[in-house]
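Q:
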Amino acid sequence: MTNFRSTWLFNLRGDVLAGITVALALIPEAIAFSIIADVDPMVGLYASFCIAVTIAFTGGRPGMISAATGAMALVMVTLVADHGLEYLLAATILTGFLQFIAGVLKLGRFITFVPHPVMLGFVNALAILIFQAQLPQFEGATWLMYALVGLTLVIIYGLPRLTRALPSALMGIVLVTALVFTTGWELKTVGDMGTITRTLPMFALPQVPFNLETLRIIFPYALTLAMVGMLESLLTAQLLDEMTDTRSDKNQEIRGQGIANAIAGCFGGMAGCAMIGQSVINVKSGGRGRLSALVAGIFLMVLILAFGDVVMRIPMAALVGVMIMVSVGTFNWNSLLQMRRVPVGDSVVMLSTVATVVYTHDLAKGVALGVALSAIIFGWRIARLKVVSELSEGTKNYRVSGQFFFATCTAFTESLTPLDDPDTVILDFGDSHIWDLSAVNAIARQREKYESLGKTLRVVGLNPESQKLVDRVGLGAPAGH
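One point on numbering: in our numbering, the residue at position 207 of the sequence shown is 1088, and numbering is uninterrupted.
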């Protein structure tokens, strides 16, 4: 009981109010992502309901909001166009199974391989995408749209100066909606984005043939959806860990996402994952526990069933204002100030990640490029090998300093002079570390070259890890200490 209270009820008021705020922001997003995927708006809404409610119980990051997302919707477009909705639902279920298996295999630890500049690029790119997603709402808009967006932002940023009793984002939506209701102004509303059907989702397995041909069709999409979903969820969890100064179970989060997606597919919903925008709204509105995600999912369905007509009349200006707040709050402005102080390579990685994500609208491609660039830059930085030689009493001593791996093998080879060296040569690796097979082979080739000249090459100073690698590969030169 104590654990239940500490997990679910420790922040009752904050979680409930934050969940209500998030639910209001979920509706236009879910409808918009459904339109991207070319499916009925209810597919996105059902997915958001199922995933948010399920992840509240199964996830590993309390306070994080998961639902239908744009990153996942972009992957689905071709599948829906070529094979239809039922195959999308089947792919969603398979996505869930793949993610669950990944969680069981504890693949969540690989988030530690994402460097900080890539994280910054990911966050900043998402902030830009969130802002860009609001721009179509201003097409053909009158001054009133701009004024009400501005009013929403004034409420969001001004209300906390007066009171923090209510989430300012929620009050911005409520007050601006009430103003539009009272004045009767004609503005674009949530209802203009798609029709909301006031019915509960029903359990039904996808109507597709259960054979290898179906698996051949859906597996590539399911695998991509699983990878994009895990990546976005883990990076969002990492961001919230830093925002709230808490830790989360990344492997449990992956398993939870898998269970949630499998359930969503069985109830007519599309695949989803963590939503950084709504997660930031939740945290900034006071949401910290699992209850906030549960309230968001349940209240979303309550809004659809009981207040569908009212929800459809919420002006988009209010929701655009909230999402602009999210965009501004998500962007790491300090990263721009730090660009002059951090290494050039780190700035290049961050900017490349941002540019790739914004250009392709594909988080996976941006992060993959960022990680690859980071690896190349890191390899370049440590590819420094120094070889100093000294002749003493008819023996040539080579002292090797630095990291010895595939990138430094050429420098090592070019530093040795077998033809000019005396009969006895010593390679001292006391200040070096041997990392890979390329390095071991480079030593072996030099040993063979010296032996072919009738000379002796001895290797000394290997640390235990290097010695173990040399012995295991079986190509090492005669070693000594």
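Backbone N, C-alpha and C define an ideal beta-carbon position, used for all residues, glycine too.
Strictly by DSSP, which residues pair up with HIS1314?
A: DSSP, once it has assigned bridges, lists GLN1284 as partnering HIS1314.
Q: By the DSSP assignment, the alpha helix (DSSP H) with VAL1268 in it spans what residues?
A: That residue, VAL1268, is in no alpha helix (DSSP H); its beta strand (DSSP E) goes 1266 to 1273.
Q: Residues in its own chain within less than 7 Å of VAL1239 by CB, not counting five upstream and five downstream?
A: Cβ within range, chain order: ALA1006, ILE1009 and LEU1010.
Q: THR935 lies in the alpha helix (DSSP H); which residues open and close that run?
A: Residues 922 to 939.
Q: Considering only DSSP beta bridges, list what THR1276 is partnered with.
A: DSSP, once it has assigned bridges, lists SER1273 and THR1305 as partnering THR1276.
Q: For LEU893, which residues in the same chain have their Cβ closer than 6 Å to its Cβ, ignoring the five residues on either side in sequence?
A: Closer than 6 Å at Cβ, skipping near neighbours: no residue.
Q: Using the C-alpha atoms, what's the distance from PHE1286 back to ALA1320?
A: Cα to Cα, the separation comes out at about 5 Å.
Q: If THR1298 and GLN1327 are in contact, beta carbons under 8 Å, what's the gap, nearest whole angstrom?
A: About 11 Å separates the two Cβ atoms, so there is no contact after all.
Q: In terms of residues, what are the limits of the beta strand (DSSP E) holding VAL1341?
A: Here the beta strand (DSSP E) through VAL1341 covers 1337 to 1341.
Q: Take LEU1056 and list the residues in its own chain whose beta-carbon comes closer than 7 Å to its own, dropping the five residues that flank it on each side.
A: Excluding sequence neighbours, LEU1056 sits near ILE1036.
Q: Excluding the 5 residues flanking ASP896 on each side, which residues of the same chain have their C-beta closer than 6 Å to its C-beta?
A: So the qualifying residues of the chain are GLY1168, GLY1170, LEU1172 and SER1173.
Q: Rounded to a whole number of angstroms, what is the C-alpha to C-alpha distance between THR1058 and ALA1199?
A: So the two alpha carbons sit approximately 7 Å from each other.
Q: Look up GLY1153 in the DSSP assignment and give the residues it is bridged to.
A: ALA949, per the DSSP bridge assignment.
Q: Is there a Cβ of chain C sitting closer than 8 Å to that of VAL1209, yes or no?
A: The structure shown has no chain C; it contains just one protein chain.
Q: Just grab the DSSP bridge partners of PRO1196 for me.
A: Bridge partners of PRO1196: THR1070.
Q: By a C-beta neighbour count over all protein chains shown, 10 Å radius and 16 as the cutoff for buried, is ASN1215 buried or exposed?
A: Classification of ASN1215: exposed, given that the 10 Å Cβ count is below 16.
Q: ILE1162 and THR993 - do their beta-carbons sit closer together than 8 Å?
A: Not in contact: THR993 and ILE1162 (Cβ atoms no closer than 8 Å).
Q: Report the start-end ranges of each alpha helix (DSSP H) in the region 1002 to 1077 that is 4 residues or longer and not cut off at the edges.
A: Counting whole runs of 4 or more residues, the region 1002 to 1077 contains the alpha helix (DSSP H) stretches 1024 to 1043 and 1049 to 1064.
Q: Less than 8 Å between the CB atoms is what I'm expecting for ALA962 and ALA911, so what's the real figure, rounded?
A: Contact flag wrong, Cβ pair sits at about 20 Å.
Q: Here's a check: name, in chain order, each residue in its chain whose Cβ is nearer than 8 Å to the Cβ of LEU1112, leaving out the five neighbours to either side.
A: The answer, listed in chain order, is LEU1244, ALA1245 and VAL1248.
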